[in-house]
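**Q**
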Amino acid sequence: MNLRELFSTEVVNNGRQPAVDLCKTICIVLMILCHVFYAVKFTNTPSLSPSFIAHNLVRLLGAQFFMFSMGLGLAYTRNDSAKCCLRRGIILLLSGYLLNFLREILPWMLLGNYPMFSSIMSHDKFLMLLSGDILQFAGLAFLFFAFVKHFKLSNLTIFIVTLVLTIIGAFCTNEITVKLSPDNFYFSFIGLFIPIKNFTSSGYVCFSFCNWIIYPVTGWLFGKLLKRCTNPDKFYWYMLMISVPLLFLAWAAFDAAGKNMWMMLMNPLNYHQQNPVILAVYMNIIAVAISLSHIFANYFVKFKFWGIISHFSKELPTLYIASWVVIGWIGALLKFNHKFLTKDMDNIFWLFVIVLVLSEIYIGLKNLLKKKRNS
1370 MNLRELFSTE VVNNGRQPAV DLCKTICIVL MILCHVFYAV KFTNTPSLSP
1420 SFIAHNLVRL LGAQFFMFSM GLGLAYTRND SAKCCLRRGI ILLLSGYLLN
1470 FLREILPWML LGNYPMFSSI MSHDKFLMLL SGDILQFAGL AFLFFAFVKH
1520 FKLSNLTIFI VTLVLTIIGA FCTNEITVKL SPDNFYFSFI GLFIPIKNFT
1570 SSGYVCFSFC NWIIYPVTGW LFGKLLKRCT NPDKFYWYML MISVPLLFLA
1620 WAAFDAAGKN MWMMLMNPLN YHQQNPVILA VYMNIIAVAI SLSHIFANYF
1670 VKFKFWGIIS HFSKELPTLY IASWVVIGWI GALLKFNHKF LTKDMDNIFW
1720 LFVIVLVLSE IYIGLKNLLK KKRNS
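By this note's numbering, the letter at position 327 of the sequence shown is numbered 1696, and the numbering carries on one by one without gaps.
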């Protein structure tokens, strides 16, 4: 069977995708672990080498796959009209700013200084309220899909527009710099669309639209292709056989240029303000990850614990929000005077468990209230 024979002109693969569930579960677990280390790193305690590991793992399969899977999920959902995308985009944007308030501003207002973001809040305590994280980007992405669906743009046109936006983002990267001061709140909004050097590197805007929109768009186009795949097993094996050699080829190309690919990928500025070369490598990593996930998912889906993986995948956005709020309040309540965290790694593990358990309790209560409301 060649590649062309793998795809039908009709939709034949419209069910839930276990490979995506597994990747999303790994993604959210790594993201929460990373955020726990991220919070600890901003204390006066010694730096922890595991935090380096956690950050690196998340940078390989964190925000990128979060956004890719968001686009893929849109390709599979029935609620993909321009009106639905518009509504989801607005809700996600507002959720992002509400999260800023709940995890950063409210703890500071009630409990005093919140040192985790002291370098930013020293300019103006409420500047963090306007910072842009992954939820703000997700909101803009859905607004973009609302636009292209309203005007019924073709797949090719959407992809070309996305490439143009990516080029604009690459052109702006490291070029636009502003002086941080309390009176330039508007740069938080500009940074949502194009990268501003010190606003991205210092945490004001983590994911600029132009630099990152290619991930959900590629995920969406991949999902539309996957729905027509007659044999996903073969398709993913083909993709793995192509993407793994390409990854080694990229490593060799970086090495020949005197660059360390791993260190380039792990550089915070390269990660947040991705140029086309870095982006292409990350796309290849996603291809490897989702291919391997499909192979493992075919085996693991038989076991009872697969229900946990499906649950984490389904609740990923809520789990992301809830975990950040929990981390914020734990930090504020302890005032980050918790040297016990550095005594051994067991304490870090238990902090991660506490965050996960409290987040799950919130999800359980939310689902219970939703069930009662619908009954």
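Note that CB positions come from ideal geometry on N, CA and C, so glycine has one too.
Tell me the DSSP bridge mates of C1598?
**A** Bridge partners of C1598: F1376.
**Q** Would the beta-carbon of L1534 fall within 8 angstroms of that of L1504?
**A** Cβ distance not < 8 angstroms, so L1534 and L1504 don't count as in contact.
**Q** Do you know whose CA, among N1736, S1660, L1688, lies nearest M1400's CA?
**A** The shortest Cα separation from M1400 among N1736, S1660, L1688 belongs to L1688.
**Q** In terms of residues, what are the limits of the alpha helix (DSSP H) holding K1683?
**A** From DSSP, the alpha helix (DSSP H) with K1683 extends over 1675 to 1683.
**Q** For G1627, which of helix, strand or coil comes out of DSSP?
**A** G1627: coil per DSSP, three-state reduction.
**Q** Looking at L1461 and G1538, is the spacing between their C-beta atoms short of 8 angstroms?
**A** Result no, Cβ atoms of G1538 and L1461 do not sit closer than 8 angstroms.
**Q** Do W1581 and F1748 have their beta-carbon atoms positioned less than 8 angstroms apart in this structure?
**A** In the structure as shown, the chain begins at 1370 and stops at 1744. Residue 1748 is therefore absent and cannot be evaluated.
**Q** Looking only at its chain, what residues have a beta carbon closer than 6 angstroms to the beta carbon of D1449, apart from the 5 residues adjacent to it on each side?
**A** So the list reads L1443, once near-sequence residues are dropped.
**Q** Helix, strand or coil, according to DSSP, for G1501 in the structure here?
**A** Reduced to three states, the DSSP call for G1501 is strand.
**Q** Check for me: the alpha helix (DSSP H) holding F1520 runs from which residue to which?
**A** F1520 -> no alpha helix (DSSP H), and no H or E assigned at all.
**Q** Give the secondary structure of V1695 by DSSP, where H, G and I count as helix, E and B as strand, and everything else as coil.
**A** Reduced to three states, the DSSP call for V1695 is helix.
**Q** Using the C-alpha atoms, what's the distance from F1558 back to D1624?
**A** C-alpha separation (whole angstroms): 38 angstroms.
**Q** Could you round the C-beta distance between N1382 and P1601 to whole angstroms and report it? I think they count as a contact, below 8 angstroms.
**A** Confirmed, Cβ separation roughly 6 angstroms.
**Q** Could you tell me which of E1473, V1517, L1480 sits nearest to G1501, measuring between CA atoms?
**A** Minimum Cα distance to G1501 is reached at E1473.
**Q** Alpha carbon to alpha carbon, how far is S1377 from L1685? Give it in angstroms, no decimals.
**A** The alpha-carbon atoms of L1685 and S1377 are separated by roughly 31 angstroms.
**Q** Whole angstroms are fine: how far does the CA of I1690 sit from the CA of L1475?
**A** Cα to Cα, the separation comes out at about 15 angstroms.
**Q** Starting from the N-terminal side, write out each stretch of the alpha helix (DSSP H) that is 4 residues or longer and does not extend beyond the region 1614 to 1675.
**A** Counting only runs of 4 or more, we get 1630 to 1635, 1637 to 1641, 1645 to 1669.
**Q** Would you mind reading off the limits of the alpha helix (DSSP H) that contains T1446?
**A** Here T1446 belongs to no alpha helix (DSSP H), and DSSP marks it neither H nor E.
**Q** W1620 to N1629, Cα distance in whole Å?
**A** Each residue's alpha carbon lies about 8 angstroms from the other.
**Q** If you follow the alpha helix (DSSP H) that I1565 is part of, which residue opens it and which one closes it?
**A** Here I1565 belongs to no alpha helix (DSSP H), and DSSP marks it neither H nor E.
**Q** Skipping 5 residues on each side, what residues in its chain have a beta carbon closer than 7 angstroms to that of F1562?
**A** S1577, F1578, C1579.
**Q** Quick test of the definition: if touching needs 3 or more C-beta pairs under 8 angstroms, does the region 1607 to 1616 touch the region 1643 to 1661?
**A** Cβ pair count under 8 angstroms is three or more, so yes.
**Q** Span of the alpha helix (DSSP H) holding V1530?
**A** Taken as a continuous stretch (DSSP letters only), the alpha helix (DSSP H) holding V1530 covers 1524 to 1541.
**Q** According to the neighbour-count rule (16 or more other Cβ atoms, all chains shown, within 10 Å of its Cβ), is H1519 buried or exposed?
**A** H1519 is exposed by the Cβ-count criterion.
**Q** Kindly indicate which three-state DSSP category V1381 falls into: helix, strand or coil?
**A** Of the three classes helix, strand and coil, the one that applies to V1381 here is coil, per DSSP.
**Q** Compute the Euclidean distance between the alpha carbons of W1631 and V1650, then round it to the nearest angstrom.
**A** One C-alpha to the other measures close to 10 angstroms.
**Q** Figure out for me which residue from L1375, Y1640, L1738, M1439 has the closest Cα to the Cα of W1589.
**A** When each option's Cα is compared against that of W1589, the closest is M1439.
**Q** Give me the DSSP bridge partner(s) of V1574.
**A** V1574 is bridged to G1501.
**Q** Would you grab the beta carbon distance between Q1433 and Y1605 for me? Rounded to a whole angstrom, and I think it's under 8 angstroms.
**A** The pair is not a contact, with the Cβ atoms about 18 angstroms apart (cut-off 8 angstroms).
**Q** If you reduce the DSSP assignment to three classes, tell me which class S1744 lands in.
**A** It is coil, neither helix nor strand.
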